[in-house]
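**Student:** Chains as they are written, first to last, in full-length UniProt numbering: chain A, 1 to 342; chain B, 1 to 342. Where a beta carbon is used, it is the ideal one built from N, C-alpha and C, also for glycine.
There are 2 protein chains.
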Amino acid sequence: MSIRVGVNGYGTIGKRVAYAISKQDDMKVSGVIKHTPDFEARFAAERGFDVYVTGEDRLSKFEKAGIKVKGTKEDLFGKVDVVVDATPEGIGEENKKNIYEPRKLSAIFEGGEEPYVADTSFVAQVNYVEALGKKYVRCVSCNTTGIVRILNALDNGFKVKKARVFLARRATDPHEIKKGPINAIVPDPVSIPSHHGPDAQTVLKNMDITTLAIKVPTTIMHLHAINVEVAKSATAKDVIDILNQTPRMMLLHSGEGIHSTAGIIEYARELGRYRYDLYENIIWEDSISANKNEIYLYQAIHQEADVVPENVDAIRAMFQLEKDPIKSIRKTDKSLGIKTPS
Amino acid sequence: MSIRVGVNGYGTIGKRVAYAISKQDDMKVSGVIKHTPDFEARFAAERGFDVYVTGEDRLSKFEKAGIKVKGTKEDLFGKVDVVVDATPEGIGEENKKNIYEPRKLSAIFEGGEEPYVADTSFVAQVNYVEALGKKYVRCVSCNTTGIVRILNALDNGFKVKKARVFLARRATDPHEIKKGPINAIVPDPVSIPSHHGPDAQTVLKNMDITTLAIKVPTTIMHLHAINVEVAKSATAKDVIDILNQTPRMMLLHSGEGIHSTAGIIEYARELGRYRYDLYENIIWEDSISANKNEIYLYQAIHQEADVVPENVDAIRAMFQLEKDPIKSIRKTDKSLGIKTPS
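#1: Strictly below 7 Å CB to CB, what residues from chain B border V186(A)?
#2: Please classify Q303(B) as buried or exposed, where buried requires at least 16 other C-beta atoms within 10 Å of its C-beta.
#3: Take every Cβ of the region 155 to 172 of chain A, pair it with every Cβ of the region 238 to 253 of chain B, and state whether three or more of those distances are shorter than 8 Å.
#4: Please look up how many angstroms separate the CB atoms of L151(B) and M207(B), rounded, as I've assumed it's under 8 Å.
#5: Taking buried to mean at least 16 other C-beta atoms within 10 Å of its own C-beta, is S231(B) buried or exposed?
#6: Going by DSSP in three states, Q24(A) sits in which element: helix, strand or coil?
#7: Rounded to the nearest angstrom, what separates T261(B) and P217(B) at their Cα positions?
#8: Starting from S342(A) and walking both ways along the alpha helix (DSSP H), at which residues does that stretch end?
#9: Counting along the chain, where does the alpha helix (DSSP H) carrying I240(A) start and finish?
#10: Name the residues in the region 189 to 207 of chain A whose C-beta lies less than 9 Å from a C-beta of chain B; which are they?
#11: So R269(B) contacts chain A; which residues on that side make the cut at Cβ distance below 9 Å?
#12: Can you give me the Cβ contacts of I288(B) inside the same chain, cut-off strictly under 7 Å, excluding the 5 residues immediately before and after it?
#13: For G197(B), which residues from the same chain have a beta carbon less than 6 Å from its beta carbon, with the 5 sequence-adjacent residues on both sides left out?
#14: Using CA atoms only, rank isn't needed, just tell me which of V165(A), S328(A) and E256(A) is closest to D199(A).
#15: Pick helix, strand or coil for residue 344(A), following the three-state DSSP scheme.
#16: Please report the straight-line C-alpha distance between H35(B) and H253(B), rounded to a whole angstrom.
#17: Quick one: residues in its chain with C-beta nearer than 6 Å to the C-beta of D85(A), no 5 flanking neighbours on either side, listed in chain order?
#18: The beta strand (DSSP E) spanning R47(A) covers which residue range?
#19: Are any of the Cβ atoms in chain B nearer than 8 Å to that of A168(A)?
#20: Is the region 323 to 336 of chain A in contact with the region 123 to 140 of chain A, if contact means three or more CB pairs nearer than 8 Å?
#21: Assign R47(B) to buried or exposed, taking buried as 16 or more other Cβ atoms, counted over all protein chains shown, within 10 Å of its Cβ.
#22: Can you give the Cα-Cα distance for D313(B) and N293(B), rounded to whole angstroms?
#23: Using a 10 Å radius around the Cβ and a threshold of 16 neighbouring Cβ atoms, would you call I315(B) buried or exposed?
#24: Could you name each continuous beta strand (DSSP E) segment of 3 residues or more that falls completely within the region 177 to 238 of chain B, going from the start of the chain to the end?
#25: Taking just the CA atoms, how far does I13(A) sit from V117(A)?
#26: If contact means a Cβ-Cβ distance below 7 Å, which residues of the region 282 to 293 of chain A contact chain B?
#27: From the DSSP output, which residues share a beta bridge with G71(B)?
#28: Quick one: Cα of F49(A) to Cα of Y274(A), how far?
#29: Return the residues of the region 36 to 60 of chain A that lie within a Cβ-Cβ distance of less than 8 Å from chain B, sorted by chain order.
#30: Our contact map puts G112(B) next to S141(B) with C-beta atoms below 8 Å; I'd like the distance itself, whole angstroms only.
#31: Could you tell me the boundaries of the beta strand (DSSP E) in which S335(B) lies?
#32: When you compare the CB positions of T72(B) and Y52(B), do they come within less than 8 Å of one another, or not?
#33: When burial is assigned at 16 or more other CB atoms within 10 Å of the CB, is V129(B) buried or exposed?
#34: Going by DSSP, what residue range makes up the beta strand (DSSP E) through L297(A)?
#35: For the alpha helix (DSSP H) holding I91(A), just list the boundary residues, first then last.
#36: Who are the near neighbours of L132(A) in its chain, counting only those whose CB is closer than 7 Å to its CB and skipping five residues on each side?
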């Protein structure tokens, strides 16, 4: 069985999810939907994805740009089992009402949508089983995915009583030129806590999580300072051992010359993955500090990439292609060059 | 009695301290020491400060630049009661050994020096009395000053049991062009905790303080996310009341359009203070969150300016010009346009 996937929106997330799906043997990309005939649309077509446009009126624009188009989005919706909706924030909810529900189409939403749009909010290593057979699943945002993964790992190891997460968010993605700040620190929001705590709680339902978030003038990665109070006393080595056993964690060390998010990205470029994508939580091993029942660490999150494997697993869960979470995670990870713990 | 002050190093801090001292009626700037005949040296002379150079070999350079010089630093040391040492990090310690001690000169050091260089580390509203009659006093760094002020205020109000401070540090000062990062978040250090906690404990000796610090690509202000667990239950209003009664606190509100450190600086420029300096801790009133025995808030620190009034108070304490801390603070604040609570 090969699940037919339509990718609605071929931007930062959509293009990466399409690539990841193309690496699987139990699902395939039936087509991607583009609005603008830009270089990304051209690459999509050249790399073998069938390109569909957002409306009849777009056909001539793509033709003029010399980009081969298979039809409009309506054509694509007629021949897929599930849509990965990677449209801008809020559009997914409208699409559900106007397109997916009337057509009885399954759909995956991204973290920009409200939780209620889906039957379950999803991070594979935490609640894969909840998504089995579900029609609508929401892959939580990049930050929330990163927070949920690490807090769940620490909870498994040491039972988290209270979590405090301070997020220094990248202001915008590398290719963006219209957003700021250029020279400011922006508490976003000024009010405390930020929405990331409640969002993480859509997956980690019973954990006490407080989050604070600022935006800073950088484009490449988010950084999280994690603080947890735990029930079970831990040493730094205990924490390292747990993280080494957890999927989608990459431990790096400043002793290897990795001193910043820029150092991590340089490392990622050496790795040679497509678009230098980092699907894992990147944790500075030498930041891990455990003192009695309190743990601190720094992790960095590649905002463009960490949710990508989650989308693949979500499809597998929704169509029950695999009922065992770790088997799906391993399969996804192997296809993307992610090291899964044995 | 007018204390004669020499300012050794007329850079970011030195020039501001010289300005602040020039506004007092119980002390005066006998001269400032400059190494380079740059625009700052020219302004110093034009604004009426006597300029001394770091060595005989510098005299001709200043002459060539047309900047009037009174002599070398040795000449200045012979006619002052105290030196404010605002030289680069680590030089103060050498100066103590080679100059101030042999000459039996009192000195104030800045936060770049190690604590042991002085008899006491100093933040006026916390331990003014400790500095009474001392020969060597260290005004702690901009970040530490900001942390100590706020934690002391919260301790006075609610008894701090544990403090966690996350610092997002401005990478460098506005005029610097050789330092970065331009596009990275730098945990500095990667290891947790950072040195700011122990440094704050040189003043708040018995408080449990954990600090984490990152550097981000901005030049204008530091931002601190403050978290304290307190013995006495508090509401946000209780916290606001306490801060309004605390010297050198300025509460601003995002509802007035102040959404970032850049917004704060724009506000400071409207205030019209010299060099738009903010001597206060700037606290977002609407960030203050109190839940049972836990308080959170955001504050921003103008790294170039917040230690300036502390230097003035330190001189007053060292020479016992005033024994009552709040009277010295009020006097300093009035001279600099800072609103002191009544």
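**Tutor:** Well, looking at it:
#1: Within the first sequence, numbered from 1, the residue matching residue 186(A) stands at position 186. Neighbours of V186(A) on chain B, chain order: H259 and S260.
#2: Taking the first residue of the second sequence as 1, we reach residue 303(B) at position 303. Buried, because 16 or more other Cβ atoms sit within 10 Å of the Cβ of Q303(B).
#3: no
#4: On the second sequence, residue 151(B) is found 151 positions in, with the first residue counted as 1. On the second sequence, residue 207(B) is found 207 positions in, with the first residue counted as 1. L151(B) to M207(B), Cβ: 6 Å. Contact.
#5: Residue numbering aside, residue 231(B) sits at position 231 when the second sequence is read from its first letter. Looking at the sequence shown, residue 231(B) is not Ser but Ala. A231(B) is exposed by the Cβ-count criterion.
#6: Residue numbering aside, residue 24(A) sits at position 24 when the first sequence is read from its first letter. Q24(A) falls in the coil class under three-state DSSP.
#7: Here residue 261(B) refers to the residue found at position 261 of the second sequence. Here residue 217(B) refers to the residue found at position 217 of the second sequence. Distance between the alpha carbons of T261(B) and P217(B) is about 13 Å.
#8: In the first sequence, the residue the question calls residue 342(A) occupies position 342. Careful: S342(A) lies outside any alpha helix (DSSP H) and carries neither H nor E.
#9: Looking up residue 240(A) in the first sequence gives position 240. I240(A) -> alpha helix (DSSP H) spans A236 to N244.
#10: P189, V190, S191, I192 and P193
#11: Along the second sequence, read from residue 1 onward, the residue named residue 269(B) stands at position 269. Those within 9 Å of R269(B) in chain A number zero; the least Cβ separation is about 14 Å.
#12: Start at 1 with the first residue of the second sequence, and residue 288(B) comes out as number 288. The answer, listed in chain order, is A236, V239, I240 and L297.
#13: Taking the second sequence and counting its residues from 1, one reaches residue 197(B) at position 197. In chain order, I209, T210 and T211 place their CB closer than 6 Å to the CB of G197(B), counting only its own chain and leaving out the 5 sequence neighbours on each side.
#14: Counting from one through the first sequence, the residue named residue 199(A) turns up at place 199. Of V165(A), S328(A) and E256(A), the residue nearest in Cα terms is V165(A).
#15: What the structure shows of chain A is the stretch from 1 to 342, and residue 344(A) is not part of that stretch, so it cannot be assessed.
#16: Within the second sequence, numbered from 1, the residue matching residue 35(B) stands at position 35. Within the second sequence, numbered from 1, the residue matching residue 253(B) stands at position 253. If you take the alpha carbons of H35(B) and H253(B), they lie about 42 Å apart.
#17: In the first sequence, counting from the first residue as 1, residue 85(A) sits at position 85. Same-chain partners within the cutoff: N8, G92, N95, A107 and F109.
#18: Working through the first sequence from its first residue, we reach residue 47(A) at position 47. Taken as a continuous stretch (DSSP letters only), R47(A) belongs to no beta strand (DSSP E), as it is neither H nor E.
#19: Start at 1 with the first residue of the first sequence, and residue 168(A) comes out as number 168. Closer than 8 Å to some Cβ of chain B, the Cβ of A168(A) qualifies, so yes.
#20: yes
#21: Position 47 of the second sequence holds residue 47(B). Classification for R47(B): exposed.
#22: Counting from 1 along the second sequence, the entry for residue 313(B) is found at position 313. Counting from 1 along the second sequence, the entry for residue 293(B) is found at position 293. When rounded, the distance between both Cα atoms is 34 Å.
#23: Taking the first residue of the second sequence as 1, we reach residue 315(B) at position 315. I315(B) should be labelled buried.
#24: 209 to 216 and 222 to 230
#25: Taking the first residue of the first sequence as 1, we reach residue 117(A) at position 117. Taking the first residue of the first sequence as 1, we reach residue 13(A) at position 13. Put simply, the backbone Cα of V117(A) is about 18 Å away from that of I13(A).
#26: For the region 282 to 293 of chain A, residues whose beta-carbon sits nearer than 7 Å to a beta-carbon of chain B comprise W284, D286, S287 and S289.
#27: Taking the second sequence and counting its residues from 1, one reaches residue 71(B) at position 71. Its beta-bridge partners are Y52(B).
#28: Position 49 of the first sequence holds residue 49(A). Position 274 of the first sequence holds residue 274(A). As the crow flies, the alpha-carbon of F49(A) is around 16 Å from that of Y274(A).
#29: Within the region 36 to 60 of chain A, no residue has a Cβ that lies closer than 8 Å to any Cβ of chain B.
#30: Start at 1 with the first residue of the second sequence, and residue 112(B) comes out as number 112. Start at 1 with the first residue of the second sequence, and residue 141(B) comes out as number 141. So it is a contact: roughly 7 Å between Cβ atoms.
#31: Your numbering for residue 335(B) matches position 335 in the second sequence. That residue, S335(B), is in no beta strand (DSSP E); its alpha helix (DSSP H) goes P325 to L336.
#32: As a first step, residue 72(B) is located in the second sequence; it is residue number 72 there, counting from the start. As a first step, residue 52(B) is located in the second sequence; it is residue number 52 there, counting from the start. It is a contact, given that the beta carbons lie within the stated cut-off.
#33: For the purposes of this step, residue 129(B) is identified with residue 129 of the second sequence, where counting begins at 1. Looking at its Cβ environment, which holds fewer than 16 other Cβ atoms inside 10 Å, V129(B) is exposed.
#34: In the first sequence, the residue the question calls residue 297(A) occupies position 297. Note, L297(A): beta strand (DSSP E), E294 to I301.
#35: Here residue 91(A) corresponds to residue number 91 of the first sequence, with the count starting at 1. I91 to N95 is the span of the alpha helix (DSSP H), which, as asked, contains I91(A).
#36: Position 132 of the first sequence, counting from 1, holds the residue named residue 132(A). So the list reads A317, Q320 and K323, once near-sequence residues are dropped.
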